[in-house]
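Contents: one structure, followed by commentary.
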Amino acid sequence: MYIRCKNLSVGYNGASVTGKLNFEVNVGDYLCIVGMNGAGKSTLMRTLLSLQEPIGGEILFGETLERFEIGYLPQQSEHQKDFPATVWEVVLSGTLGKRRGLFYNRQQKDLAMEKLQELGIAELKGKSYRSLSGGQQQRVLLARALCATQKILLLDEPATGLDPHAMQQLYRILDELHKKGITVIMITHDLNAISHATHVLHLDARKPFFGTRESYYQSRQWKLFREWEQGEVSAC
Amino acid sequence: MLDKILFYLNFPFVQHALIAGVLIAMCAALLGVILVLKRFSYIGDGLSHVAFGGLALATVLKLSDHNYLIMPVTILAAIVLLRFGSGEKLHGDAALAIFSVSALAVGYLLMNVFSSSANISGDVCTTLFGSTSILTLTIHEVWVCIIMSVVTLLMFCLFYHRIFSVTFDESFARASGIRVRLYQTVIAIMIAIIIVLAMNLVGSLLITALMVFPALSAMQILRSFRGTLIYAALISMLGAGVGILISMVASTPVGATIVIFDLVIFLIHVGIGKVWRAS
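Residue numbers (the working numbering), protein chains in the order written: chain S, 1 to 236; chain W, 1 to 279.
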């Protein structure tokens, strides 16, 4: 067991947005967190990352998972778009959490290089981050997250802003990482992502759902969610 | 003209002005890179207004050393602003507008009502646009500038990687266990100190230019964070040095000369960047 949430409620300023959540993430799971806009997906993510305190309930971390041993792939913020940084600088910064030293040592550099190669972006090493395509940037951030963890990845709407091809590529990479034993937690509003998951957490203040993918496909939440998403797409 | 410059360089007050000016410009550029990248440029602007208010108050209270009041006030304002800037409730720019305009108004009012000097508009103009105070630095003030720039340089060298991580992606940095708040607070304090020191150089209205122009120039042509920092510091030092010398030779106001020189450098870099990207 990596993470277990008991009656967890998250929100801002003492007001819960999610209702009480009970779910757990075990080694080797691939969990998709879905829900309407404003259902508290990002807030839950921030709470799991200890970026904010829960409103109620508790989060238990398994003994094998240290508090900061989570690889986080945040949504891209506006200011990163023209940030002068090389791919190498960005990926290396993923190794900072583990070490107390002021400068990067051999081990950290090797780790960053290994992750660049693993994701097939070693040739981008000296390139400027802001000159990359959305899909490449996403892979750079994924490499950085992998430098921070061997165990668990948290991704916040990673498919946002990617073209369908880059999106498929991202899902394929995640599938490969999952096969290698990395646990994946992904917030998404992309219905296709669910087919890659083993478990689904559907956030809804009144009736949340947590279970395996198969049981989710039978649920009422899935039916509503699908209709809503399709409505969104056709509205565009 | 060269003779004239060499002649001027013999005077200790010119040497002091050059040393202090170049060092302040370096620190301002380094911290300015962070401000620009984090979209916090407006904080530099707001703090300079706060510093002006502090200066006015210190003048009225007839403190022997104005910095005893200006420093704490500006540092406090910097911490408050950075906290609000990242907070959800109150937007940074709204908080700032209130802050800076009030500080400016209070400062001017105080100077006007309580000033014993006959030339109030001259005094105000000096504090806003810097004019001559850089040429009347005491050796003590020069040392403060030297010590501050050593501290700034040391901080950037030792904590370079963590500063990068916090600037590039605050959430990721915090999630991987870096003490983001601590770094932000330290950076806020240093920005406040540099702004107070820079007030002597370019005056409180033009400080933002000193922080923002070199960073923006460097970002036009460089692709790495390290390169951007080093380059911004270098062109800022060049701008301050050349600006001070030009202003002496041509008898122009120091602050405005430096800022216009920085502006020209910036425009040139925009041009170079455009050409590079096109090719």
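In this text, a Cβ means the ideal position worked out from N, Cα and C, and glycines have one as well.
If you draw a straight line from the alpha carbon of Gly56/S to that of Asn37/S, how long is it in whole angstroms?
Residue mapping note: residue 56/S aligns to position 56 of the first sequence, counting from 1. Residue mapping note: residue 37/S aligns to position 37 of the first sequence, counting from 1. Roughly 22 Å between the two C-alpha positions.
Which residues in chain S sit within 9 Å of Ile265/W, going by Cβ to Cβ distance?
Counting from one through the second sequence, the residue named residue 265/W turns up at place 265. Those do not exist, as Ile265/W stays about 17 Å from chain S at its closest Cβ, beyond 9 Å.
Rounding to the nearest angstrom, what Cα-Cα distance links Glu88/W and His196/S in this structure?
Along the second sequence, read from residue 1 onward, the residue named residue 88/W stands at position 88. Along the first sequence, read from residue 1 onward, the residue named residue 196/S stands at position 196. The predicted model places Glu88/W with a pLDDT of 47, which falls under 50 and marks its position as unreliable; any figure quoted below should be read in that light. About 34 Å.
Determine whether the beta carbon atoms of Val184/S and Leu51/S lie at a separation below 8 Å.
On the first sequence, position 184 is the one that residue 184/S refers to. On the first sequence, position 51 is the one that residue 51/S refers to. No, these two residues do not count as a Cβ contact at 8 Å.
The alpha helix (DSSP H) enclosing Gly44/W, as first and last residue numbers
Stepping through the second sequence from its first residue, residue 44/W is reached at position 44. Gly44/W -> alpha helix (DSSP H) spans Ser41 to Val60.
Does the Cβ of Leu6/W have 16 or more other Cβ atoms within 10 Å, making it buried, or fewer, making it exposed?
Within the second sequence, numbered from 1, the residue matching residue 6/W stands at position 6. Its Cβ having fewer than 16 others within 10 Å, Leu6/W is exposed.
Can you find a CB in chain S that lies within less than 8 Å of the CB of Asp169/W?
Position 169 of the second sequence holds residue 169/W. Yes, Asp169/W counts as interfacial toward chain S.
For His165/S, the nearest candidate out of His189/S, Glu157/S, Gln230/S and Gly134/S (CA to CA)
For this step, residue 165/S is matched to residue 165 along the first sequence. The shortest C-alpha separation from His165/S is found at Gly134/S.
Exposed or buried, what is Val10/S when buried is set at 16 or more other beta-carbons lying within 10 Å of its beta-carbon?
One-based indexing of the first sequence puts residue 10/S at position 10. Burial is judged here by how many other beta carbons sit within 10 angstroms of a residue's own beta carbon; Val10/S has at least 16 and is buried.
Beta-carbon within less than 7 Å of Gly40/S's beta-carbon, same chain only, minus the 5 sequence neighbours each way: which residues are those?
The count along the first sequence starts at 1 and reaches residue 40/S at position 40. Listed in chain order, the non-local C-beta contacts of Gly40/S below 7 Å within the same chain comprise Val10, Gly11, Val17, Thr18 and Leu203, local neighbours out to five positions each way being set aside.
Answer yes or no: does any C-beta atom of chain W fall closer than 8 Å to that of Thr47/S?
As a first step, residue 47/S must be located in the first sequence, where it is residue number 47. Output row for Thr47/S: interface = no.
Taking one C-beta from the segment 63–80 of chain S and one from the segment 126–144 of chain S each time, how about it: are there three or more such pairs within less than 8 Å?
yes
How would you call Lys4/W, buried or exposed, if buried means at least 16 neighbouring beta carbons within 10 angstroms?
If you number the second sequence from 1, residue 4/W lands on position 4. When all chains shown are included, Lys4/W counts as exposed.
Can at least three beta-carbon pairs, one atom from the segment 159–179 of chain W and one from the segment 12–30 of chain W, be found at a separation below 8 Å?
The segment 159–179 of chain W vs the segment 12–30 of chain W: no contact.
How about Asp156/S and Leu73/S: are their beta carbons less than 8 Å apart?
In the first sequence, residue 156/S corresponds to position 156, counting from 1. In the first sequence, residue 73/S corresponds to position 73, counting from 1. Yes, Cβ-Cβ distance for Asp156/S and Leu73/S is below 8 Å.
Go ahead and label Trp222/S buried or exposed: buried means 16 or more other beta carbons lie within 10 angstroms of its beta carbon, across all protein chains shown.
Against the first sequence, residue 222/S aligns to sequence position 222. With 16 or more Cβ atoms within 10 Å of its Cβ, Trp222/S is classed as buried.
Can you list, in chain order, the residues of its chain whose CB lies under 7 Å from that of Ala25/W, leaving out five sequence neighbours each side?
Along the second sequence, read from residue 1 onward, the residue named residue 25/W stands at position 25. Taken in chain order, the residues that qualify are Leu210, Ser236, Met237, Gly239 and Ala240.
Does any C-beta atom of chain W lie closer than 8 Å to the C-beta of Gln80/S?
Reading the first sequence from its first residue, position 80 is the one you call residue 80/S. Interface residue, yes.
8 Å Cβ cutoff, Arg39/W in contact with chain S
Taking the first residue of the second sequence as position 1, residue 39/W is located at position 39. For Arg39/W, the answer is yes, since a Cβ of chain S falls inside 8 Å of its Cβ.
Any idea what DSSP makes of Lys89/W, helix, strand or coil?
Looking up residue 89/W in the second sequence gives position 89. Because the pLDDT at Lys89/W is just 47, under 50, the model does not fix this residue reliably, and the point stays unresolved.
At a CB-CB cut-off below 7 Å, which residues of chain W make contact with Leu60/S?
Residue numbering aside, residue 60/S sits at position 60 when the first sequence is read from its first letter. By Cβ distance, chain W contributes nothing, its closest Cβ being about 18 Å from Leu60/S, past 7 Å.
Between Leu111/S and chain W, is any beta-carbon pair separated by less than 8 Å?
Locating residue 111/S in the first sequence gives position 111, counting from the first residue. Not closer than 8 Å to any Cβ of chain W, the Cβ of Leu111/S fails to qualify, so no.
Is the Cβ-Cβ distance between Phe164/W and Phe114/W less than 8 Å?
The residue you call residue 164/W lines up with position 164 of the second sequence. The residue you call residue 114/W lines up with position 114 of the second sequence. For Phe164/W and Phe114/W, no; Cβs fall outside 8 Å.
Between which two residues does the alpha helix (DSSP H) carrying Ser171/W extend?
As a working note, residue 171/W is residue 171 in the second sequence. Its alpha helix (DSSP H) spans residues Glu170 to Ala175.
Where Ile101/W falls, given that 16 or more other Cβ within 10 Å makes a residue buried:
Start at 1 with the first residue of the second sequence, and residue 101/W comes out as number 101. Rather than Ile, the amino acid found at residue 101/W in this sequence is Val. It counts as exposed.
Suppose contacts are defined by Cβ-Cβ distances below 8 Å. Is Thr228/W in contact with Pro54/S by that definition?
Against the second sequence, residue 228/W aligns to sequence position 228. Against the first sequence, residue 54/S aligns to sequence position 54. Not closer than 8 Å, so no.
Distance, Leu146/S Cα to Val60/W Cα
For the purposes of this step, residue 60/W is taken as the residue at position 60 of the second sequence. For the purposes of this step, residue 146/S is taken as the residue at position 146 of the first sequence. Looking at the two C-alpha atoms, the distance is approximately 58 Å.
Should the segment 243–250 of chain W be called in touch with the segment 111–131 of chain S, which here means at least 3 C-beta pairs below 8 Å?
no
Beta-carbon proximity list for Ala232/W, same chain, < 6 Å, skipping 5 on both sides
Taking the first residue of the second sequence as position 1, residue 232/W is located at position 232. So the list reads Ala29, Val33, Pro214, Ala215 and Ala218, once near-sequence residues are dropped.
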